[in-house]
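Quick notes on the structure that follows.
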Amino acid sequence: MTRLYALEKNKFLLMKVAFTLLRDLIVTTFPIYHFVWTNTRHLVEASELDDRFNFVHNCVFGSAIALGNSLFHFPLEIYSTLYIETKYGFNQETPDEFLKHQLTTLIRSQLLICAAVTGFSLVSGILGNNAFLFIWIFISVSSVLFILLYPNCIAPMFDDFTSLPEGSLREKIECLARKLRFPLSGVLIAEGTKRMTHGDVYLLGLSVNKSVVLDKDFMYAVK
3 MTRLYALEKN
13 KFLLMKVAFT
23 LLRDLIVTTF
33 PIYHFVWTNT
43 RHLVEASELD
53 DRFNFVHNCV
63 FGSAIALGNS
73 LFHFPLEIYS
83 TLYIETKYGF
93 NQETPDEFLK
103 HQLTTLIRSQ
113 LLICAAVTGF
123 SLVSGILGNN
133 AFLFIWIFIS
143 VSSVLFILLY
153 PNCIAPMFDD
163 FTSLPEGSLR
173 EKIECLARKL
183 RFPLSGVLIA
193 EGTKRMTHGD
203 VYLLGLSVNK
213 SVVLDKDFMY
223 AVK
């Protein structure tokens, strides 16, 4: 069963890569971005909003591109989750839960895109010709802040985390961390992974603030 699942998953990944290459070829061959840019500009102008630094237009444009990308990947996600994962018993989502999860992820992603584009546009509009230097600083600082804030602020937007209760599993993980001098700050359970029955373990955090994250199925497996 595992071999068949891996084989079908690899076939799907090849199909996904082929569709992505086809999409990129179409986007680079035809003026898709120019079309979206022009029409979003007309939309903003028709709304008569104060767009002094173009941040409204940039947000609408970025959101439109992100929405198009999400719509492109949506059928692939349906096939991967509701067909392949369900076929081999890994998916625990109903179609309604799947749609709710996809919509929630899309809305949160759009909010993050708008926040980043607004900051970029304001810096560019205020500083003019010197904007490139400050934009570089802005992107660098934003990247570091994203990494620092991801464990406590961003990751919880997409999943639910609880602390692993005291017990032999937690003691073994903490003992191994001390032995390896690993800066372990916590051991968490990813509650949201109940959508899938894969057993995953990964690290979350940066530098001295790192946590080991287990999903429920992995925890049950080791028990």
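Going by the working numbering, the first residue of the sequence shown is number 3, and it counts up by one from there. Glycine included, each C-beta is placed from N, C-alpha and C at the ideal position. Keep in mind the model is a prediction, meaning the values are calculated, not measured.
Check                                                                                                                                                                         : Outcome
Candidates THR106, LEU84 and THR107: which alpha carbon is nearest PRO97's?                                                                                                   : LEU84
Taking 7 angstroms as the cut-off, does the CB of ASP217 come closer than this to any heavy atom belonging to the ligand FMN?                                                 : In the structure on display, the ligand FMN does not appear, and there are no ligands present to speak of.
Which first and last residues belong to the beta strand (DSSP E) in which LEU206 is found?                                                                                    : 203-208
Do LEU166 and ILE191 have their C-beta atoms within less than 8 angstroms of each other?                                                                                      : yes
On the DSSP bridge list, what partners appear for ALA192?                                                                                                                     : PHE163 and ASP217
State the beta-bridge partners of LEU186 as determined by DSSP.                                                                                                               : LYS212
Compute the Euclidean distance between the alpha carbons of GLN104 and GLY91, then round it to the nearest angstrom.                                                          : 20 angstroms
Relative to the C-alpha of TYR81, which residue among MET159, PRO153 and PHE100 is closest?                                                                                   : PHE100
Is it buried or exposed for ASP217, if we count other Cβ within 10 angstroms and need 16 for buried?                                                                          : buried
Is it buried or exposed for SER226, if we count other Cβ within 10 angstroms and need 16 for buried?                                                                          : As displayed, the chain neither begins before 3 nor continues past 225, which places residue 226 out of reach and without an answer.
Return the chain-ordered list of same chain residues with a C-beta closer than 8 angstroms to the C-beta of PHE140, the five sequence neighbours on each side being excluded. : GLY121, PHE122 and VAL125
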